Amino acid sequence: MGQIVMVGQHNSRAVLITDSAHALPVQVNRSGLRAIAEGSGRIDQLVIRHLAATTDIRVGDLLVTSGLGGRFPHGYPVARVTDVTISPAMRLQK
């Protein structure tokens, strides 16, 4: 999944959602929590940063597009949570 960022006469340029310069609004399908998923630069990984340690997000949760901003329609599946890391010093999770 990605976004067309340039269209030419004979070619176009697309940026994948996993590109480190890309971010998109997502929603946890189970809870409705909204967040911004950032590309990690790896083809198989997005990252959500700076969530409160008490945020209800779990391994296995499905992330779908939230529809905010209008670039991607609401409800399109984009990722499944594979890891939740809590930073004790900042009381945040990613």
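For the record, in the sequence shown the residue sitting at position 25 is 24 according to numbering that gives the first Met the number 0, with numbers rising by one throughout.
Even for Gly, the Cβ is constructed at its ideal location relative to N, Cα and C.
Note that the coordinates shown come from a computational prediction; the quantities given were computed from them, not determined experimentally.
List the whole-angstrom C-beta distance separating leucine 62 from valine 25, where the pair is believed to meet the contact cut-off of C-beta under 8 Å. Confirmed, Cβ separation roughly 4 Å.
Strictly by DSSP, which residues pair up with arginine 12? Met5, per the DSSP bridge assignment.
Just curious, the beta strand (DSSP E) that arginine 29 is in, first and last residue? Where arginine 29 is concerned, there is no enclosing beta strand (DSSP E), because DSSP gives it neither an H nor an E.
Measure the C-alpha to C-alpha separation of arginine 167 and aspartate 18 and round it to an integer number of angstroms. Residue 167 is absent from the structure shown; the chain starts at 0 and stops at 93.
Please list the terminal residues of the continuous beta strand (DSSP E) segment that includes arginine 79. Residues 76–79.
Cutting at 6 Å between CB atoms, please list the residues of its own chain near arginine 29, excluding the five before and the five after it. Within its own chain, the residues whose Cβ lies closer than 6 Å to the Cβ of arginine 29, once the five positions on either side in sequence are excluded, are Asp60, listed in chain order.
Own chain, CB closer than 8 Å to isoleucine 16, minus 5 neighbours either side, in chain order: Met0, Gly1, Gln2, Leu23, Ala36, Gly38, Leu45 and Val77, listed in sequence order.
According to DSSP, simplified to helix, strand and coil, what is glycine 40? In the structure shown, glycine 40 sits in coil (DSSP, three-state: anything other than H, G, I, E or B).
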